[in-house]
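Enquirer:
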Amino acid sequence: KKVNLGVGAYRTDECQPWVLPVVRKVEKMIADDHSLNHEYLPILGLPEFRSSASRIALGEDSPAIKDNRVGAVQCLGGTGALKIGAVFLRRWYNGTDNTKTPVYVSAPTWENHNAVFSNAGFEDIRPYKYWDAGKRGLDLAGFLGDLENAPDHSIFVLHACAHNPTGTDPTQDQWKQIADVMKRKNLFAFFDS
Numbered sequence: 001k002k003v004n005l006g007v008g009a010y011r012t013d014e015c016q017p018w019v020l021p022v023v024r025k026v027e028k029m030i031a032d033d034h035s036l037n038h039e040y041l042p043i044l045g046l047p048e049f050r051s052s053a054s055r056i057a058l059g060e061d062s063p064a065i066k067d068n069r070v071g072a073v074q075c076l077g078g079t080g081a082l083k084i085g086a087v088f089l090r091r092w093y094n095g096t097d098n099t100k101t102p103v104y105v106s107a108p109t110w111e112n113h114n115a116v117f118s119n120a121g122f123e124d125i126r127p128y129k130y131w132d133a134g135k136r137g138l139d140l141a142g143f144l145g146d147l148e149n150a151p152d153h154s155i156f157v158l159h160a161c162a163h164n165p166t167g168t169d170p171t172q173d174q175w176k177q178i179a180d181v182m183k184r185k186n187l188f189a190f191f192d193s
């Protein structure tokens with residue numbers, strides 16, 4: 001069987017949604033669990049979900065988790081989550097109501113990135129090199145060069161995996177190189193996952 005991953009979601013050859021079997025199984029388990037209800041979640045989201053997501057993202061041995069320095073909020077997904085994050089950054093990152101901080105999005109990118117950050121009030125949205133069409137792969141040298149040349153405290157929109165629209169991800173070694181430059185330059189990594 002073939003699955004079309006080019007549209008940002010699992011689709012069949014007939015362009016119909018394809019749901020992973022494990023998702024169907026979990027949906028059935030949830031539907032059959034009578035201990036679950038439809039109460040509203042706490043304002044910050046389900047505490048167990050937030051702590052589990054933080055451990056997955058940062059690692060069980062994260063000093064930030066051990067020192068109780070991690071904050072997490074459960075919110076809607078997709079574009080809505082990007083919008084909430086973009087507005088939060090505009091209001092509180094690098095000064096209050098800072099619309100001048102550069103926001104870098106990959107070239108190419110999912111077009112919503114430009115619109116979301118622009119609509120959140122950011123005035124300086126720039127591309128960073130990501131795709132090398134000749135190599136049909138990651139332009140690591142260009143990417144690292146753009147990180148080096150970015151003003152300190154710039155925001156970089158990164159894809160945690162399955163870069164949209166190329167599908168190309170950095171290797172673990174490449175991620176380490178990217179992280180080293182970002183840390184040294186005090187750049188802010190905003191992950192769209």
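The opening position of the sequence shown corresponds to residue 1 in UniProt numbering, with each subsequent residue numbered one higher.
Glycine included, every Cβ here is placed at the ideal spot set by N, Cα and C.
Rounded to whole angstroms, what's the CA-CA distance from Leu158 to Trp92? Just pull it up for me.
Expert: Rounded to the nearest angstrom, the two C-alpha atoms are 20 Å apart.
Enquirer: Compute the distance between the beta-carbons of Pro102 and Arg136, then report whether it is under 8 Å.
Expert: no
Enquirer: Excluding the five sequence neighbours on either side, which residues of its own chain have a C-beta within less than 8 Å of the C-beta of Pro17, listed in chain order?
Expert: Ala9, Tyr10 and Arg11
Enquirer: Rounded to a whole number of angstroms, what is the C-alpha to C-alpha distance between Glu123 and Thr99?
Expert: 6 Å
Enquirer: In this structure, what does DSSP give as the bridge partners for Gly137?
Expert: Asp132
Enquirer: Fully enclosed by the segment 88 to 159, which beta strand (DSSP E) runs are 3 residues long or longer?
Expert: 103 to 107, 125 to 129 and 155 to 159
Enquirer: Can the beta-carbon of Ala64 be found less than 8 Å from the beta-carbon of Arg50?
Expert: no
Enquirer: Name the residue from Ile178, Pro108 and Asn149 whose alpha carbon lies nearest to the alpha carbon of Thr166.
Expert: Pro108
Enquirer: Is it right to say Trp175 is buried, meaning 16 or more other beta carbons lie within 10 angstroms of its own, or is it exposed?
Expert: exposed
Enquirer: If I'm right that Asn94 touches His34 with Cβ under 8 Å, what's the distance once you round it to whole angstroms?
Expert: With a Cβ gap of about 48 Å, Asn94 and His34 do not count as contacting.
Enquirer: Suppose the cutoff is 8 Å on Cβ atoms and the five residues either side in sequence are ignored; what does the same chain contact list for Asn186 look like?
Expert: Asp152 and His153
Enquirer: Taking a contact to mean a Cβ-Cβ separation below 8 Å, would you say Ala120 touches Lys66 in this structure?
Expert: For the pair Ala120 and Lys66, the CB atoms are not nearer than the 8 Å cut-off.
Enquirer: Is Phe189 helix, strand or coil when you go by DSSP?
Expert: For the sequence presented, residue 189 should be read as Ala rather than Phe. The answer is strand: DSSP assigns Ala189 an E or B state.
Enquirer: Compute the distance between the beta-carbons of Val181 and Leu144, then report whether it is under 8 Å.
Expert: Contact: yes.
Enquirer: Can the beta-carbon of Tyr104 be found less than 8 Å from the beta-carbon of Asp146?
Expert: yes
Enquirer: Under the assumption that Ala160 contacts Phe191 (Cβ atoms under 8 Å), give the Cβ distance between them as a whole number of angstroms.
Expert: 5 Å between Cβ atoms; contact.
Enquirer: Verify whether the separation of the beta carbon atoms of Leu138 and Tyr130 is less than 8 Å.
Expert: yes
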